[in-house]
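To start, the structure under review is shown below, and the notes come after it.
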């Protein structure tokens, strides 16, 4: 055989050889990779993003992607996206997409399952070695280069005893495409000294992040030398600007920042690190160049974005001189601070105890337990059962024996013995029905937040359903906000977990003895009547209950404006208008540290002039503090009191303003976004009221649960802009 012929054959074979992973005919798609969380971190009890990568097979594929994880009761839960769950993967191609899941146990196993259109299992992948942060952990996500977040976490742990969980996002592919992928994040830290990865996000990814912020997120944003480029008209960051950019100035005083960070080390300005100077600053300036004099410019500004909060630093955090400042960790700790100044002064977590006998250390746990109390349903204590058993044994034994012998009829025991057994069984059945009830019951609290400036509408619903019999339920939640909306609300309905390590808590590792049947949570539904239920096949044991939690959101454009203005003394004047379509009672207007009570009912469009209202101290109002015989009397908070869910909900809504960490001796970390206290200090007033009309309706098996509602409360909070005092020219 000639040599050139052999060479030709080898070259031809080399060109035709399938060196790459080319799919062969009949080969099924496979799950190539599963990435959980943001930067490898996620929190139990919160919606979590999962990035799934699938390698296509030897033919075009159409199928469904499912995620399974345990809920807070250790029941296996299937998570399915939308009404149409199918995905299409062309032959031999790679598919990557986001899915979302909510884990209820720190030791929970996450499983991803790919099925064909006919339900046949194609591929599955378990993610067992996942250790999420606890439900109440403080989680900071840093976007961009390292700015010392890890060192700040060490500083907070050493000085304040606070444990900070951190992660870093540096690649475009790490950002989810839905806002609830950020639900567990407490603070998002963004630096822009160099090009930020946020500038390379798709519109869908950036829209998800911005929606998270508007729905109650917290953003720390650092922008100095690139401020003009970032905040120009038409930029995606234009809506985040703290005011009107005036200039970039390389000369600025650092004493104000040193005092703000409580630093002992001096900070020197740098000609290459300009200060972004703004006019008509919105919100509240929390740090000036110097002592806050007339000519001192703002360095740190806090202002609202929808229902969220932005903390803006007018310098570049990752550039000199801040990058080389030994006190940068102290500065970052102040920027990330999410508690009120009063709480910070109280010593952080020193006032908190461990999980008490009540089984929770977070105030959301108290609300969950309070909603688990029903009228005409008695919690049977073990002592009662033991007592009845003793009585039964006494009647069956000594009383029957000695009684019949005293009558001289011991042979009657053949009749009295079974009679006593039957009678006691009948008594047990009767007591069970009397104590446990005979019909489905539900308790529900709605909190609806409306931002006047942006038109953002956010709803939060806590509910608890009790069933006297073992059942499998199909549940939906239909929002009915008392305001004209611009579109159909988005809804997330799922279980409500108990944070902590108490019995049934999400941080426990012991398995719970519950029904082993799985059920389905369907998110991102389009609201069609023919659509499957949000929760399908939810199992409930006999004489047991299930906690539910829902977040829903929409927008509005038709609000009637109020006319409010701040005085030089820090109080409020003007006219408040009820912009809602529902009547409010027990109303208040909260502003800064003041509470303005509204007597009577406030109907749609009704107005109230604040000049005729005497302002009350807000903290006193929230803590029910009074002056009796020239002495202050405060109503103490009882962590074991489950009789008034409405009172607990009030504390959740304004926990910071009440110095709740000191007052309740409970944390507020699991559902902390509900607290709007910080908005009161950013040029916003909040109208608060109670409505008789439910803001959402639970449906069970397609029927509304209105007749099954045992107790129900609806709160509205409307964020209203306040004009600054005329004398304040900054």
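Residue numbers (the numbering used here): 78 to 807.
Positions of the beta carbon are idealized from the N, C-alpha and C atoms, including for glycine.
Predicted, not measured: the structure shown is a model, and the values here were computed from it.
* **Distance, residue 139 Cα to residue 730 Cα** => Here residue 730 is taken as the residue at index 653 of the chain shown, counted from 1. Here residue 139 is taken as the residue at index 62 of the chain shown, counted from 1. In a straight line, the C-alpha of residue 730 is about 46 Å away from that of residue 139.
* Relative to the alpha-carbon of residue 475, which residue among 124, 494, 236 and 463 has its alpha-carbon at the smallest distance? -> Start at 1 with the first residue of the chain shown, and residue 475 comes out as number 398. Residue 475 has its Cα closest to that of 494, out of 124, 494, 236 and 463.
* Give a yes or no on contact between the region 623-635 and the region 569-583, applying the rule of three or more CB pairs nearer than 8 Å. => Yes, they touch.
* If we count the other Cβ atoms within 10 Å of its Cβ and call it buried at 16 or more, is residue 315 buried or exposed? -> In the chain shown, counting from the first residue as 1, residue 315 sits at position 238. For residue 315, the number of other beta carbons within 10 angstroms of its own is below 16, and it is reported as exposed.
* According to the neighbour-count rule (16 or more other Cβ atoms, all chains shown, within 10 Å of its Cβ), is residue 97 buried or exposed? -> Looking up residue 97 in the chain shown gives position 20. With a pLDDT of 41 at residue 97, under the threshold of 50, the predicted position of this residue should be treated as unreliable, and no value is reported.
* Asked: What's the C-alpha gap between residue 122 and residue 260?
  -> One-based indexing of the chain shown puts residue 122 at position 45. One-based indexing of the chain shown puts residue 260 at position 183. Whole-angstrom Cα-Cα distance: 10 Å.
* Reducing DSSP to helix, strand and coil, say where residue 652 ends up. => Against the chain shown, residue 652 aligns to sequence position 575. For residue 652, the secondary structure class from DSSP, reduced to helix, strand or coil, is strand.
* So, are the CB atoms of residue 299 and residue 392 less than 9 Å apart? -> As a position in the chain shown, residue 299 is number 222, starting the count at 1. As a position in the chain shown, residue 392 is number 315, starting the count at 1. In this structure, residue 392 lies closer than 9 Å to residue 299 by Cβ.
* **Assigned secondary structure, residue 213 (DSSP; H/G/I helix, E/B strand, else coil)** => Translated into positions along the chain shown, residue 213 becomes position 136. Here residue 213 sits in coil by DSSP.
* Limits of the unbroken beta strand (DSSP E) element including residue 709 -> Residue mapping note: residue 709 aligns to position 632 of the chain shown, counting from 1. Following the DSSP letters along the chain, one finds residue 709 inside the beta strand (DSSP E) bounded by residues 708-710.
* Thinking C-beta only, is residue 297 closer than 9 Å to residue 144? -> Position 67 of the chain shown, counted from the start, is the residue given in the question as residue 144. Position 220 of the chain shown, counted from the start, is the residue given in the question as residue 297. No, the Cβ-Cβ distance between residue 144 and residue 297 is not below 9 Å.
* Asked: Is the distance from the Cβ of residue 449 to the Cβ of residue 543 below 9 Å?
  -> Stepping through the chain shown from its first residue, residue 449 is reached at position 372. Stepping through the chain shown from its first residue, residue 543 is reached at position 466. Yes, these two residues count as a Cβ contact at 9 Å.
* DSSP-derived helix/strand/coil call for residue 281 -> One-based indexing of the chain shown puts residue 281 at position 204. DSSP, reduced to helix, strand and coil, places residue 281 within a helical segment of the structure shown.
* **Neighbourhood of residue 359 by C-beta, 7 Å cutoff - its chain only, sequence neighbours within 5 removed** => Within the chain shown, the letter at position 282 stands for residue 359. So the qualifying residues of the chain are 319, 320, 380 and 760.
* Can you give the beta carbon distance from residue 409 to residue 226, rounded, assuming they're within the 8 Å contact cut? -> The sequence position of residue 409 within the chain shown is 332, counting from 1. The sequence position of residue 226 within the chain shown is 149, counting from 1. About 7 Å separates the Cβ atoms of residue 409 and residue 226, confirming a contact at the 8 Å cut-off.
* Asked: Under a three-way DSSP split, which group does residue 494 fall into?
  -> Residue 494 sits at position 417 when you count from the first residue of the chain shown. Shown here, residue 494 sits in a helix according to DSSP, grouped into three states.
* To do: Report yes if the CB atom of residue 768 is closer than 9 Å to the CB atom of residue 660, and no otherwise.
  => Along the chain shown, read from residue 1 onward, the residue named residue 768 stands at position 691. Along the chain shown, read from residue 1 onward, the residue named residue 660 stands at position 583. Yes, the pair counts as a contact, with Cβ atoms nearer than the cut-off.
* Could you spell out the range, first to last residue, of the alpha helix (DSSP H) harbouring residue 229? => Taking the chain shown and counting its residues from 1, the one referred to as residue 229 is at position 152. Segment 226-236, the alpha helix (DSSP H) holding residue 229.
* To do: Provide the residue span of the alpha helix (DSSP H) that contains residue 791, from first to last.
  => Taking the chain shown and counting its residues from 1, one reaches residue 791 at position 714. From DSSP, residue 791 is part of no alpha helix (DSSP H) but of the beta strand (DSSP E) over 786-798.
* By DSSP, does residue 348 sit in helix, in strand, or in coil? -> Locating residue 348 in the chain shown gives position 271, where the first residue counts as 1. In the structure shown, residue 348 falls within a coil segment according to DSSP collapsed to helix, strand and coil.
* Candidates 170, 162, 741 and 228, of which the one nearest residue 196 by Cα -> To locate residue 196, count along the chain shown from 1; it is residue 119. It is 162.
* Can you tell me whether residue 689 is buried or exposed, with buried defined as 16 or more other CB within 10 angstroms of its CB? -> Stepping through the chain shown from its first residue, residue 689 is reached at position 612. Answer is exposed; the Cβ neighbour count stays below 16.
* Under 9 Å, do residue 575 and residue 436 count as touching if we go by C-beta distance? -> As a first step, residue 575 must be located in the chain shown, where it is residue number 498. As a first step, residue 436 must be located in the chain shown, where it is residue number 359. Yes, these two residues count as a Cβ contact at 9 Å.
* Should residue 26 go down as buried or exposed, given a rule of 16 or more other Cβ atoms within 10 Å for buried? -> What is shown of the chain runs 78 to 807, which leaves residue 26 out entirely.
* Asked: Exposed or buried, which one is residue 374 when buried takes at least 16 other CB atoms within 10 Å?
  -> Sequence index remark: in the chain shown, residue 374 carries index 297 (1-based). Residue 374 is buried by the Cβ-count criterion.
* Asked: So, helix, strand or coil for residue 328, using DSSP?
  -> Position 251 of the chain shown, counting from 1, holds the residue named residue 328. When DSSP states are grouped into helix, strand and coil, residue 328 belongs to the coil group.
* **Every unbroken beta strand (DSSP E) within the region 170-204, with a cutoff of 3 residues, ordered by chain** => Those beta strand (DSSP E) runs which fall completely within the region 170-204 and span 3+ residues are 171-179, 187-193 and 198-204.
* To do: Kindly indicate which residue of 333, 573 and 790 has the alpha-carbon position closest to the one of residue 370.
  => Counted from its first residue, the chain shown places residue 370 at position 293. Answer by Cα proximity: 333.
* So what does DSSP say about residue 156, is it helix, strand or coil? -> Here the question's residue 156 lines up with position 79 in the chain shown. DSSP places residue 156 in strand when its eight states are reduced to three.
* Assuming residue 714 contacts residue 741 (C-beta within less than 8 Å), just tell me the rounded distance between them. => Looking up residue 714 in the chain shown gives position 637. Looking up residue 741 in the chain shown gives position 664. Taking a contact as a CB-CB distance under 8 Å, the pair residue 714 and residue 741 counts as one, their CB atoms being some 4 Å apart.
* For residue 741: DSSP bridge partner residues -> Indexing the chain shown from 1 puts residue 741 at position 664. DSSP, once it has assigned bridges, lists no residue as partnering residue 741.
* To do: Output the distance between the C-alpha atoms of residue 422 and residue 738, rounded to the nearest integer angstrom.
  => In the chain shown, residue 422 corresponds to position 345, counting from 1. In the chain shown, residue 738 corresponds to position 661, counting from 1. Reliability fails at residue 422, whose pLDDT of 44 lies under 50, so the model's placement of it is uncertain and the value that follows must be treated cautiously. If I take the Cα positions, the gap works out to 11 Å.
* Can you give the Cα-Cα distance for residue 683 and residue 654, rounded to whole angstroms? -> In the chain shown, counting from the first residue as 1, residue 683 sits at position 606. In the chain shown, counting from the first residue as 1, residue 654 sits at position 577. Spanning the two alpha carbons is a distance of roughly 6 Å.
* Measure the Cβ-Cβ separation of residue 258 and residue 402 and say whether it is below 9 Å. => Sequence index remark: in the chain shown, residue 258 carries index 181 (1-based). Sequence index remark: in the chain shown, residue 402 carries index 325 (1-based). Taking the C-beta atoms as reference points, residue 402 is found no nearer than 9 Å to residue 258.
* State buried or exposed for residue 209, treating a residue as buried only when at least 16 other CB atoms are found within 10 Å of its CB. => The residue given as residue 209 occupies position 132 in the chain shown. Burial call: buried.
* **Pick from 181, 148 and 141 that is closest to residue 172, judged by C-alpha positions** => Locating residue 172 in the chain shown gives position 95, counting from the first residue. For the residues 181, 148 and 141, the minimum Cα distance to residue 172 belongs to 141.
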